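Q: Residue numbers (my numbering): 244 to 458.
1) Quick one: what does DSSP say residue 406 is sitting in, helix, strand or coil?
2) Output the distance between the C-alpha atoms of residue 255 and residue 382, rounded to the nearest integer angstrom.
3) Can you list, in chain order, the stretches of the beta strand (DSSP E) that have 3 or more residues and sit fully within the stretch 321–348?
4) From 371, 414, 419 and 409, pick the residue whose C-alpha is nearest to that of residue 388; which is it?
5) Taking 6 Å as the limit between beta carbons, can you name the residues of its chain near residue 407, skipping five residues before and five after?
6) Assign residue 438 to one of three DSSP states: helix, strand, or coil.
7) For a quick check, are the C-beta atoms of residue 215 and residue 370 less than 8 Å apart?
8) Where does residue 277 sit, in a helix, a strand or coil, going by DSSP?
9) Cβ of residue 392 within 8 Å of Cβ of residue 411?
10) For residue 427, which option in 330, 366, 409 and 341 has the closest C-alpha, if you only look at C-alpha atoms?
11) Hey, residue 385 and residue 403: beta-carbon distance below 8 Å or not?
12) Residue range of the alpha helix (DSSP H) that residue 396 falls in?
13) Looking at the strands, I want to know which residues DSSP matches up with residue 385.
14) Would you report the Cα separation of residue 441 and residue 380, rounded to the nearest angstrom?
Written as structure tokens, this is what we have:
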């Protein structure tokens, strides 16, 4: 009996150690993987011109050149004349049908990721009854649904972004009736930790602010 209990206790401890190690290493693994993808992409893209040379290009030349070019572009954006050129080029891109769709989507994602505090695009963390009644999903309220959709459905809908686990940068849009969206008093960072960890990292003091049809 003691041996059996000891084995069960050991399994529980090993399980806890595994979860703790996973929580600690997961962000590191994701970061390393993302950097590896960036480095490989930059190297494959930018080392092609060097293949005609008789010597091998230095390692990570793609990443080095990419960082250098980004810094140069960032520097030139402080110049009014260069900024006007960028805006002019942007207007041209918005006139090309397919390019317009891709560019506008990329720009919106960029604003969501990097201008979030200023733009407040991800307005609130919320709960929605998804994928079916009785089951709830943590999501982000982004905006009100277009009025034309409200008119068709006869309901006041809200645009809600449902992130994927463990990669919240991907997900999908659902339109939810306003009275079914429950706003939560959870910061965006805490919500992302909850989603990325699959619920392993979860504060116990999360509390409801209000139902969205009251606010």
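Here a beta-carbon is modelled for each residue, glycine too, at the ideal position from N, C-alpha and C.
Source: prediction; values computed, not measured.
A: Straight from the coordinates:
1) Against the chain shown, residue 406 aligns to sequence position 163. DSSP places residue 406 in strand when its eight states are reduced to three.
2) Along the chain shown, read from residue 1 onward, the residue named residue 255 stands at position 12. Along the chain shown, read from residue 1 onward, the residue named residue 382 stands at position 139. Rounded to the nearest angstrom, the two C-alpha atoms are 32 Å apart.
3) none
4) Residue mapping note: residue 388 aligns to position 145 of the chain shown, counting from 1. That would be 419, whose Cα lies nearest to the Cα of residue 388.
5) Here residue 407 is taken as the residue at index 164 of the chain shown, counted from 1. So the qualifying residues of the chain are 413 and 414.
6) The residue labelled residue 438 in the question sits at position 195 within the chain shown. Looking at residue 438 - three-state DSSP - the assignment turns out to be helix.
7) Here the chain comprises residues numbered 244 to 458, so residue 215 is not present and cannot be evaluated.
8) Sequence index remark: in the chain shown, residue 277 carries index 34 (1-based). In the structure shown, residue 277 sits in a helix (DSSP, three-state: H, G or I).
9) Locating residue 392 in the chain shown gives position 149, counting from the first residue. Locating residue 411 in the chain shown gives position 168, counting from the first residue. No, the Cβ-Cβ distance between residue 392 and residue 411 is not below 8 Å.
10) As a first step, residue 427 is located in the chain shown; it is residue number 184 there, counting from the start. Closest by alpha carbon: 366.
11) Against the chain shown, residue 385 aligns to sequence position 142. Against the chain shown, residue 403 aligns to sequence position 160. Yes, Cβ-Cβ distance for residue 385 and residue 403 is below 8 Å.
12) As a position in the chain shown, residue 396 is number 153, starting the count at 1. Per DSSP, residue 396 belongs to the alpha helix (DSSP H) from 390–396.
13) By 1-based counting over the chain shown, the position of residue 385 is 142. Residue 385 pairs with nothing; no bridge assigned.
14) The residue labelled residue 441 in the question sits at position 198 within the chain shown. The residue labelled residue 380 in the question sits at position 137 within the chain shown. The alpha-carbon atoms of residue 441 and residue 380 are separated by roughly 12 Å.
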